[in-house]
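Chains as they are written, first to last, in this note's numbering: chain G, 1 to 207; chain D, 208 to 846.
Notes follow the structure.
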Amino acid sequence: MGWWLSDFTFCTGRYESGDWDSAPTLPANLIDSVARYTDIAVAPSAVIVPLSSPRILGFPLVYMTGHLPFRFSESERANARKLVDRGGMIFIDDHNHDIGGVFHKTAVEEITRTFGKPAELRNDHAIYKSFFAFPDGPPATSHELNGWGDNLVHKNLLAVMDGPRISVLYSNKDYSSEWNYHPDNKRFSSVDNTRFGVNIIVYALTR
Amino acid sequence: MTIYAFIRKTQRLIVLTAAVKGVALAASLALLIFAVGALVDLPSGTVATIVVLSAISSLGALAYRAKMIRSPVSVALWLEETIPAMHYELVTSAESRIPLPDLERSVHLDHIQPFVTRRIAKVLTRSASMLLGASLIYLFSPATSFGRGRVHSGMARAFPRVFPPINKLASLRIRITPPAYSGLRASEQTNAASVSALAGSRVVIAGPGTPEGVRATVDGAPVRIAGDDDTWSVTLSAVKPVSIVRVAHNAETRLIVVETVPDRPPQVVLTAPLRDTTLRTPRYSVLLQAETSDDLGLRQGYFEYLIVSGTGEAFSGRTLTSPPAHFESRTGRLQARLDLAALKVVPGDLVSVRAVVRDNNTLTGPSIGTSDTRSFRIARADEYDSVSIEAAAPPPVDSSAMSQRMLILMTEALVRKKKLLTKQQLVKESDDIGFMEDRIRKRVYDILYQTDSPEGPGDTEEVESEIQAINNPDLKEAYDALWDAVRSLRIAEPAVALPPMRVALKALDRARLAKRLYLRGTAPRVVVDISRVRLTGKEKGISSMRSPQAVADSSRRMLLSGFESAITLSKSDRRLAIEQLSLLRVRALASSPPLATALRDIIDAMEQNRETAAALIRARRLLATPSVTGTPNGEWGGG
């Protein structure tokens, strides 16, 4: 069977610095959402792949998060560049939801060094309508609204673009906290807050 | 002609000659003053003043000298003074103004006329010589002389030089002058189709002949052609990654690819310490060492310490640096001693160390190189050796621990109200708690011995493997304590059951923390039941038809077709084929550097009329390799 018929597998990138595993149930939650709303063939469980491993190049979307200083080793940096050069997308979320936090500071520095300086993503970008429509841009998280972190609602995500396409998406909104719960608990929510996660995955797979 | 008429005519000639002499003298003086003024670098205002004063003086002197020609008598006297054979015949005739027959017969004007002509010619010749000499001095004076440029250009227009027709693109010299900070020497190549220049270099492309008729563009934009009578030139700066320079003369064109080589950032490798460290106490001193190198030259380096404090989701950081070390070469070594006590770190802090080096690039930099990071973590007392900051998602053991806490509260309540209960009530309530405690024991057993048996351990303890239990002493202790608690609760002795219940709670808590110790890399694996949840979401997306995307590797196909067409073209027009290969190389620089190198070898071989087969084979192999953008085998592409 050709590779194009394989399932989408959610991949969490493991990097040597920091706490890459701070949102352990987020992948299952997004897998559940992809299956719940789309007919994308999706693997039932996520994988964790070291960013320094060549295996990382086999995934169209790599998710990374953490609270602590975010720095790539040389092999991680080289692989991350290769992944993006080959059309992959990297989604990095600040689990601190704090623009003064060490993750934000070091992650933006590392993104700039590895991929180029990230810029604010316009709130009418295609990623906000790739599946669900978010006319106001990235949905706010409860951590932003309840005054945690920097007590700010961040209006824009940051992105490094490859032409019109996003190659690295960086969020300071702490989706890692927002989406980090067991998918079975989704039934208690009136509105599914992981819908934007579906948009990210659909965007990464179709653009 | 009468004598008087002759004298009047001579007077007019002398006046005219004197005027010409005066103008020539003034002009000569002015030219000489301009030339001398440029030689000694006098201000233009001073030069102009001197010229005006000199002109006035010379004209005044001439006017004084011209007193002899104020009247016909004066002219007649001048003639008689210079011709001794005359005996005042001319003066007499000039004074009488009427013709006197005797005098008219005795004076032979035919003899006087040549004499007058010679004298006037002599004066005019002297004036012309003087003016010519002054003009020559002026023309060879410095270029800063007043008005000299205009004179030159006017002369150039009046007397254009005729050059033999030459091929102005026959011999192109490309001179590359690297930026001063690099310390590299300027280099020159002749007739190269492609050159490499360090970023910021000055590239001058020059050819023979005047700039007339030569046209040049850099990346399609016309540029100015400079030059003189012997050479034309185009100058550009190596700023863009690749610049395509096209020069043309008549119907001939030449293409030169200027590839900008960036100044690479310095490399730095942290050689000591080799790995991260977790410490019990914040008292530690370690030697930091790093090796560094740069392609052009290093300037400065230091170690950077990032100290992160905090727990949970509240972290703060501060950055410190070691004293900088200065370099004056391309390689260097950094060394410093890190004393954690001096950084005033406390348990729970994380100190990240890396080496930072800057190079000598004063043009676009400095470029900064950083090493990998090493971390020193000071363990908290309750989380010694933990590498995880955030608590893990509650594992089954954790939920057991919560139940255990709840059962302890229930047992304590039962002990307090024991006196108020009948024996039957006490037995029933104690037995109920014992039943729930036994369920916890069975769950702990499942985790401890990794069994999926639905019946649980039952009475099979004698066959348990102690080896498995040794691997988790906390759970084993909890399991044993739970056994004791269950036994006491089942015989209605809740007070006796409480101590082992508390021991079990503490042991379970330790096991939970222990689980966190090794949480990294072992995140709980949640398997989603895809078929159960498939398309059960109430909200609907807006999935729509999308236009097909371009083939991922279209650039390689474009390179391949361009390559084949260039090779075909090389049989008929070698120069055009070289240009096409140069353009292909520009495209390949970004997508496939090895192919760009192979194309350069082909171009060099074609230009030097060498064998191209080996380079062609290499390029064809590179073009035939599988797509770099294809999806390799893996989780996504496993198929």
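We treat Cβ as the ideally placed atom computed from N, Cα and C, and that holds for glycine.
On a predicted model such as this, the values are computed, not experimentally measured, just so you know.
To the nearest angstrom, how far is it from the Cα of residue i to the Cα of residue j?
{"i": "N180 of chain G", "j": "I514 of chain D", "result": "28 Å"}
{"i": "E16 of chain G", "j": "Y63 of chain G", "result": "15 Å"}
{"i": "L205 of chain G", "j": "P135 of chain G", "result": "21 Å"}
{"i": "L621 of chain D", "j": "L633 of chain D", "result": "8 Å"}
{"i": "P44 of chain G", "j": "D736 of chain D", "result": "7 Å"}
{"i": "K551 of chain D", "j": "D687 of chain D", "result": "44 Å"}
{"i": "E74 of chain G", "j": "F91 of chain G", "result": "19 Å"}
{"i": "I305 of chain D", "j": "Y211 of chain D", "result": "7 Å"}
{"i": "L851 of chain D", "j": "Q218 of chain D", "result": "Nothing about residue 851 of chain D can be reported from this structure: the residues present for chain D run from 208 to 846 only."}
{"i": "S251 of chain D", "j": "L260 of chain D", "result": "14 Å"}
{"i": "L68 of chain G", "j": "M643 of chain D", "result": "41 Å"}
{"i": "L545 of chain D", "j": "G539 of chain D", "result": "19 Å"}
{"i": "Y491 of chain D", "j": "L541 of chain D", "result": "20 Å"}
{"i": "L376 of chain D", "j": "E459 of chain D", "result": "8 Å"}
{"i": "S637 of chain D", "j": "R646 of chain D", "result": "14 Å"}
{"i": "Y345 of chain D", "j": "L331 of chain D", "result": "21 Å"}
Please confirm if residue i has its CB atom under 8 Å from at least one CB of chain G.
{"i": "G524 of chain D", "result": "yes"}
{"i": "E871 of chain D", "result": "Given a span of 208 to 846 for chain D in the structure shown, any question on residue 871 of chain D remains unanswerable."}
{"i": "I737 of chain D", "result": "yes"}
{"i": "D579 of chain D", "result": "yes"}
{"i": "L742 of chain D", "result": "yes"}
{"i": "I654 of chain D", "result": "no"}
{"i": "I749 of chain D", "result": "yes"}
{"i": "L915 of chain D", "result": "The structure shown does not extend to residue 915 of chain D, since chain D is modelled only from 208 through 846, so no value can be given for it."}
{"i": "R732 of chain D", "result": "yes"}
{"i": "S529 of chain D", "result": "no"}
{"i": "L796 of chain D", "result": "no"}
{"i": "L547 of chain D", "result": "no"}
{"i": "L570 of chain D", "result": "no"}
{"i": "L557 of chain D", "result": "yes"}
Counting only beta-carbon separations shorter than 8 Å, does residue i have a partner in chain D?
{"i": "Y37 of chain G", "result": "yes"}
{"i": "L68 of chain G", "result": "yes"}
{"i": "I31 of chain G", "result": "yes"}
{"i": "D192 of chain G", "result": "yes"}
{"i": "A28 of chain G", "result": "yes"}
{"i": "V102 of chain G", "result": "yes"}
{"i": "E74 of chain G", "result": "yes"}
{"i": "F131 of chain G", "result": "yes"}
{"i": "V153 of chain G", "result": "no"}
{"i": "P183 of chain G", "result": "yes"}
{"i": "R71 of chain G", "result": "yes"}
{"i": "N81 of chain G", "result": "Note that residue 81 of chain G is Arg in the sequence shown here, rather than Asn. Judged by the 8 Å Cβ criterion, R81 of chain G is not in contact with chain D."}
{"i": "V42 of chain G", "result": "yes"}
{"i": "R187 of chain G", "result": "no"}
Quickly, what does DSSP pair residue i with across the bridge? List them, please.
{"i": "S695 of chain D", "result": "Answer by DSSP bridge pairing: none, since S695 of chain D is not bridged."}
{"i": "T526 of chain D", "result": "D:L513"}
{"i": "G504 of chain D", "result": "Per DSSP, none; premise fails for G504 of chain D."}
{"i": "Y63 of chain G", "result": "G:T12, G:F91"}
Quick test of your reading: residue i and residue j, contact by CB under 8 Å. State the CB separation rounded to the nearest angstrom.
{"i": "L830 of chain D", "j": "L767 of chain D", "result": "5 Å"}
{"i": "I575 of chain D", "j": "P415 of chain D", "result": "At roughly 45 Å, the Cβ-Cβ gap does not stay under 8 Å, so I575 of chain D and P415 of chain D are not in contact."}
{"i": "E178 of chain G", "j": "H143 of chain G", "result": "7 Å"}
{"i": "L57 of chain G", "j": "N29 of chain G", "result": "Contact doesn't hold; Cβ gap of about 25 Å is too wide."}
{"i": "T65 of chain G", "j": "H95 of chain G", "result": "5 Å"}
{"i": "L557 of chain D", "j": "R584 of chain D", "result": "5 Å"}
{"i": "R537 of chain D", "j": "L505 of chain D", "result": "7 Å"}
Here's the rule I'm using: 16 or more other beta-carbon atoms within 10 Å means buried, otherwise exposed. How should residue i be labelled?
{"i": "L61 of chain G", "result": "buried"}
{"i": "F188 of chain G", "result": "exposed"}
{"i": "V34 of chain G", "result": "buried"}
{"i": "T256 of chain D", "result": "exposed"}
{"i": "E786 of chain D", "result": "buried"}
{"i": "D470 of chain D", "result": "buried"}
{"i": "L223 of chain D", "result": "exposed"}
{"i": "I319 of chain D", "result": "buried"}
{"i": "N193 of chain G", "result": "buried"}
{"i": "F322 of chain D", "result": "exposed"}
{"i": "R581 of chain D", "result": "buried"}
{"i": "L145 of chain G", "result": "exposed"}
Got a sec: does the ligand HEM put a non-hydrogen atom nearer than 7 Å to the Cβ of residue i?
{"i": "V452 of chain D", "result": "Within the structure as shown, the ligand HEM is missing, as the structure has no ligands at all."}
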